[in-house]
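**Student:** Take this structure first; my questions come after.
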């Protein structure tokens with residue numbers, strides 16, 4: 001029987017530096033209200049990714065800052081939960097095919113907690129909104145010299161966070177599936193490939209014909 005560690009446990013902090021150990025302690029029951037936390041993490045991660053999409057699609061060209069914020073707050077949690085269940089299912093399926101042992105609920109938990117770096121990135125997104133306003137989401141923003149420097153720093157930090165998010169997520173999935181991080185990475189690659197091919201199929205054979213007929 002696994003014993004619970006008596007070391008101080010701060011999963012939102014320790015996930016950054018010791019993702020494998022932290023995820024194992026979470027599976028050992030060292031967190032409260034586990035199901036609620038999984039959903040909350042998925043929703044917050046979805047909001048963060050919604051802001052990321054708003055930046056990538058330069059929504060500031062067409063929407064006000066309030067509109068962008070409301071859009072992220074409304075659609076982010078919904079997409080976060082959908083992504084949690086969809087990717088949890090796919091990664092559980094692909095992981096099983098290459099020797100993984102994780103159950104679907106375990107993979108969902110790993111995926112949710114693996115998003116801790118993305119959740120933390122909301123701090124930098126909030127800072128960016130305060131510093132740059134709507135222009136943060138525009139194609140050709142009119143930044144001052146100070147804003148240009150700060151923009152470069154915040155973008156660098158966000159890139160580092162995204163890279164580390166992939167590392168943390170991979171290690172969390174490895175714990176859930178009880179195999180190596182490399183196998184966890186492979187299971188994610190296969191899962192994303194399946195999702196990508198499925199979207200292409202839907203676009204070509206469903207959306208395009210409907211558009212042409214319309």
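Residue numbers (UniProt numbering): 1 to 214.
A virtual CB, placed ideally from N, CA and C, is assigned to each residue, including glycine.
Pick out the complete alpha helix (DSSP H) segments inside the segment 37-123, 4 residues or longer, and give them in chain order.
**Tutor:** 65-97 and 104-114
**Student:** Between which two residues does the alpha helix (DSSP H) holding residue 209 run?
**Tutor:** 208-213
**Student:** Output yes or no for whether 8 Å exceeds the beta carbon distance between residue 187 and residue 158.
**Tutor:** No, Cβ-Cβ distance for residue 187 and residue 158 is not below 8 Å.
**Student:** To the nearest angstrom, report how far apart residue 104 and residue 144 are at their CA atoms.
**Tutor:** 49 Å
**Student:** Kindly indicate the opening and closing residues of the alpha helix (DSSP H) around residue 139.
**Tutor:** Segment: none, residue 139 is in no alpha helix (DSSP H) and carries neither H nor E.
**Student:** Any idea what DSSP makes of residue 171, helix, strand or coil?
**Tutor:** In the displayed model, residue 171 falls within a helix according to three-state DSSP.
**Student:** Whose C-beta lies closer than 6 Å to the C-beta of residue 50 among residues of the same chain, with five residues either side of it excluded?
**Tutor:** 72, 75 and 76
**Student:** In whole angstroms, what is the alpha-carbon distance linking residue 154 and residue 148?
**Tutor:** 10 Å
**Student:** Can you have a look at residue 139 and say buried or exposed, based on whether 16 or more other CB atoms are within 10 angstroms of its CB?
**Tutor:** exposed
**Student:** Check residue 35 in the structure and name its three-state DSSP category.
**Tutor:** helix
**Student:** For residue 133, does the three-state DSSP call read helix, strand or coil?
**Tutor:** helix
**Student:** Rounded C-beta distance between residue 177 and residue 109? I'm assuming under 8 Å.
**Tutor:** So it is not a contact: roughly 12 Å between Cβ atoms.
**Student:** Leaving out five residues on either side along the sequence, give the residues of the same chain with a beta carbon under 6 Å from the beta carbon of residue 46.
**Tutor:** 76, 77, 79 and 80
**Student:** Skipping 5 residues on each side, what residues in its chain have a beta carbon closer than 7 Å to that of residue 87?
**Tutor:** 111 and 191
**Student:** Assuming residue 22 and residue 11 are in contact, meaning their beta carbons sit under 8 Å apart, how far apart are those beta carbons, in whole angstroms?
**Tutor:** 5 Å
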